[in-house]
Amino acid sequence: MNLILVGAPGAGKGTQGEILSEKLNIKTISTGAMLRAAIKNETEVGKTAKSYIDGGKLVPDEVMINLVKERLAEPDCENGFILDGFPRTTAQAQALTESGVKIDKVLSIEVDDDVIVERLSSRRECSKCGAPYNIVFNRPEVEGKCDKCGGDLIQRSDDNPETIKNRLDVYHTQTEPIKAYYEELGLLVKAYGQVEVKDTTKEVFKALELEV
Ligand code: AP5
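Take the sequence shown: its position 24, counted from the start at 1, is 25 in our numbering, and no numbers get skipped.
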C-alpha cells in the first residue's frame, strides 16, 4: 500500500505511522524526521531547513519535492510506503501526482487544536531511533529512556507554545486544502483522534479497512 498521512502537528501521524508500518511491513517516510536528521548532520538541506522549522514555517516546496522524489526512488519503497508530513501544500500534492507515484489512500487524522497544544507540550522522542512518547499520554517504561532502543528521550525544538501556534496556523491555511484535492481524486479517508493511542489506532484501521 502507498499511503499518505495528513493531520495537524501533533495529530498522531508519527505515532500511528509507526503502528501501521509494523502492521503493513512497509517503511514510514517522515519528512520532518528527514529534515531533523539533515540539520543534525549539517547538510545543505539541513542548513536551509533550520530557520523555517524553528519558526514553525514550511520549508520551500522545491526543496521538499526533490527530497521526497529521491527518497521514494530508493529500493525499500518498492513494496509500499507511508508518507508522514508530505505533501503539505497543494503544489507538493500536484508534484507528487505529476511524478507518476501511485497513491492508494490518504488518511486524515482529525484532532481539535486545543488537544494538540497539550499533546505537543508533553511530547518526547527518542534521540536515537526517533520513536514518539508522551510524558502524560504515552509514557515510556523507564523515565527518560526509549522502550525500544534505550536511547535518551528529548523534547523537539519546535514544541514550544509560540512555534506550536505558528505550526497550527500554517496547517490550517497551507496544508488543509490538500484534503479537498485528495477528496476529489476519491482517495481521502478520515479517522478521528481519540484520548488513548490504542483507540485512535482502532479508528485508523477501520478507516483503512484493515483487520485489528
Ligand atoms: P513534522 O515532523 O512532520 O511535524 P508535524 O507535522 O508538525 O507533526 P508532528 O511530528 O509534530 O506530529 P504528529 O502528527 O506526528 O504527532 P505525534 O504522533 O508525534 O514537521 C516538522 C517541521 O518540518 C514542519 O513544521 C516544517 O517546518 C517542516 N516540514 C516537514 N515536512 C514538510 C513539507 N512536506 N513541506 C514543508 N516543510 C516541511 O503525536 C504527538 C504527541 O501526542 C506525542 O507525544 C504522542 O505520544 C501523543 N499522542 C498521539 N496520539 C495520541 C492520542 N490518541 N492520545 C493521546 N496522545 C497522543
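Every residue, glycine too, gets a C-beta built ideally from N, C-alpha and C.
query, result
"Where Leu186 falls, given that 16 or more other Cβ within 10 Å makes a residue buried", "exposed"
"Rounded separation between Ile30 and Glu19 - CA only", "10 Å"
"Residue ranges of each beta strand (DSSP E) within the stretch 148-197, 3 or longer", "189-193"
"Among Val190, Ala74, Lys28, Ser123, nearest to Gly8 - alpha-carbon criterion", "Val190"
"Test item: CB-CB of Glu204 and Tyr193 under 8 Å", "yes"
"Buried versus exposed call for Val143 [16 or more other C-beta atoms within 10 Å across all chains shown]", "exposed"
"Of the residues Asn135, Asn80, Pro133, the one placed nearest Leu4, counting alpha carbons only", "Asn80"
"Asp85 beta carbon less than 8 Å from that of Leu6", "yes"
"Where Ile30 falls: helix, strand or coil (DSSP)", "strand"
"Beta-carbon proximity of Thr91 to Tyr182, cut-off 8 Å", "yes"
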